[in-house]
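Okay, structure first, notes after.
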Amino acid sequence: MKLSRLFYLIPLLLTTGLMTGCGKSEGGDQQVSVDGGAVGFALALAVAEEYQKVNPNAKVGVAASGTGGGFARLCNGSIDIAVASRVIRSSESKACKQGGIEYVELPMGATFS
33 MKLSRLFYLI PLLLTTGLMT GCGKSEGGDQ QVSVDGGAVG FALALAVAEE
83 YQKVNPNAKV GVAASGTGGG FARLCNGSID IAVASRVIRS SESKACKQGG
133 IEYVELPMGA TFS
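Counting in the numbering used here, the sequence shown runs from 33 upward without gaps.
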(Lines of atoms letter the chains of each structure in order from A and count residues from 1; the text may use other names and numbers.)
(Lines give C-alpha, C1' and ligand atoms only; values in the text may rest on other atoms or scores of the structure.)
Protein backbone atom coordinates (compact mmCIF):
# COMPACT_ATOMS: atom_id res chain seq x y z
CA MET A 1 0.00 0.00 0.00
CA LYS A 2 2.78 2.46 0.82
CA LEU A 3 4.29 2.06 -2.66
CA SER A 4 0.89 2.65 -4.27
CA ARG A 5 0.42 5.91 -2.35
CA LEU A 6 3.98 6.96 -3.12
CA PHE A 7 3.36 6.29 -6.82
CA TYR A 8 0.67 8.98 -6.83
CA LEU A 9 2.25 11.34 -4.31
CA ILE A 10 5.56 11.84 -6.13
CA PRO A 11 4.02 13.14 -9.39
CA LEU A 12 1.69 15.37 -7.37
CA LEU A 13 4.61 16.93 -5.53
CA LEU A 14 6.68 17.26 -8.70
CA THR A 15 3.82 18.93 -10.54
CA THR A 16 3.30 21.32 -7.65
CA GLY A 17 7.01 22.10 -7.74
CA LEU A 18 6.84 22.78 -11.46
CA MET A 19 3.99 25.22 -10.92
CA THR A 20 6.22 27.37 -8.74
CA GLY A 21 8.29 28.17 -11.81
CA CYS A 22 5.38 29.37 -13.93
CA GLY A 23 4.86 33.04 -14.83
CA LYS A 24 3.85 35.88 -12.58
CA SER A 25 1.56 38.66 -13.66
CA GLU A 26 2.45 42.33 -13.25
CA GLY A 27 0.46 42.55 -10.02
CA GLY A 28 2.59 39.87 -8.37
CA ASP A 29 -0.10 37.20 -8.57
CA GLN A 30 1.07 33.92 -9.98
CA GLN A 31 -0.88 32.64 -12.98
CA VAL A 32 -0.61 29.03 -14.13
CA SER A 33 -2.52 27.46 -16.99
CA VAL A 34 -2.92 23.71 -17.51
CA ASP A 35 -4.64 21.95 -20.42
CA GLY A 36 -4.63 18.55 -22.06
CA GLY A 37 -6.11 15.10 -21.96
CA ALA A 38 -9.06 14.09 -19.85
CA VAL A 39 -7.06 11.26 -18.25
CA GLY A 40 -5.04 13.72 -16.15
CA PHE A 41 -7.80 16.29 -15.68
CA ALA A 42 -8.84 15.16 -12.18
CA LEU A 43 -5.23 15.07 -10.99
CA ALA A 44 -4.57 18.52 -12.47
CA LEU A 45 -7.64 19.90 -10.68
CA ALA A 46 -6.52 18.37 -7.38
CA VAL A 47 -3.00 19.79 -7.76
CA ALA A 48 -4.41 23.20 -8.68
CA GLU A 49 -6.68 23.22 -5.63
CA GLU A 50 -3.87 22.27 -3.25
CA TYR A 51 -1.46 24.73 -4.85
CA GLN A 52 -3.96 27.57 -4.45
CA LYS A 53 -4.40 26.70 -0.76
CA VAL A 54 -0.67 27.16 -0.22
CA ASN A 55 -0.44 30.13 -2.62
CA PRO A 56 -3.66 32.14 -2.20
CA ASN A 57 -2.57 34.76 -4.76
CA ALA A 58 -2.15 32.09 -7.44
CA LYS A 59 -4.68 31.73 -10.20
CA VAL A 60 -4.62 28.27 -11.76
CA GLY A 61 -6.74 27.53 -14.81
CA VAL A 62 -7.32 23.89 -15.74
CA ALA A 63 -8.94 22.77 -18.99
CA ALA A 64 -9.32 19.49 -20.88
CA SER A 65 -9.11 20.05 -24.63
CA GLY A 66 -7.50 16.67 -25.29
CA THR A 67 -3.89 15.61 -25.44
CA GLY A 68 -3.31 17.02 -28.94
CA GLY A 69 -5.02 20.28 -28.01
CA GLY A 70 -2.92 20.57 -24.88
CA PHE A 71 0.30 20.03 -26.81
CA ALA A 72 -0.78 22.57 -29.45
CA ARG A 73 -1.48 25.17 -26.76
CA LEU A 74 1.80 24.40 -24.98
CA CYS A 75 3.77 24.77 -28.21
CA ASN A 76 2.15 28.10 -29.09
CA GLY A 77 2.87 29.42 -25.60
CA SER A 78 -0.70 29.84 -24.41
CA ILE A 79 -0.41 27.40 -21.46
CA ASP A 80 2.28 26.50 -18.93
CA ILE A 81 1.65 22.78 -18.44
CA ALA A 82 0.24 20.17 -20.82
CA VAL A 83 -1.33 17.02 -19.36
CA ALA A 84 -1.09 14.15 -21.82
CA SER A 85 -2.05 10.50 -22.10
CA ARG A 86 0.86 9.82 -24.46
CA VAL A 87 4.35 11.05 -25.25
CA ILE A 88 4.72 14.13 -27.40
CA ARG A 89 4.82 13.39 -31.14
CA SER A 90 7.77 14.48 -33.27
CA SER A 91 5.57 16.99 -35.14
CA GLU A 92 4.43 18.50 -31.83
CA SER A 93 7.99 18.60 -30.55
CA LYS A 94 9.04 20.37 -33.75
CA ALA A 95 6.24 22.92 -33.29
CA CYS A 96 7.45 23.62 -29.74
CA LYS A 97 11.01 24.06 -30.95
CA GLN A 98 9.88 26.44 -33.70
CA GLY A 99 7.93 28.42 -31.12
CA GLY A 100 10.92 28.64 -28.79
CA ILE A 101 9.19 26.48 -26.19
CA GLU A 102 11.34 24.12 -24.12
CA TYR A 103 9.58 21.35 -22.25
CA VAL A 104 10.26 18.50 -19.86
CA GLU A 105 8.30 15.26 -20.10
CA LEU A 106 7.35 14.01 -16.65
CA PRO A 107 5.74 10.55 -16.55
CA MET A 108 2.92 10.57 -14.01
CA GLY A 109 1.58 7.06 -14.28
CA ALA A 110 0.75 4.27 -16.66
CA THR A 111 -2.42 2.88 -18.17
CA PHE A 112 -2.89 -0.77 -18.90
CA SER A 113 -5.21 -2.38 -21.38
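Glycine included, C-beta positions come from ideal geometry on N, C-alpha and C. A quick note: this is a predicted structure, and the numbers were derived from the prediction, not measured.
Under the criterion of beta carbons closer than 8 Å, Cys107 and Gly69 do not qualify as touching, at roughly 15 Å. Gly141 carries a coil assignment under DSSP once its states are collapsed to helix, strand and coil.
Residue environment analysis places Glu124 among the buried positions, since at least 16 neighbouring C-beta atoms fall within 10 angstroms of its C-beta.
Relative to the Cα of Met140, the nearest Cα in the group Cys128, Lys126, Ala127 and Val119 belongs to Val119. One Cα belongs to Lys91, the other to Asp112, and the distance between them is close to 12 Å. If you ignore the 5 residues before and after Glu81, its C-beta comes within less than 7 Å of no other C-beta in its own chain.
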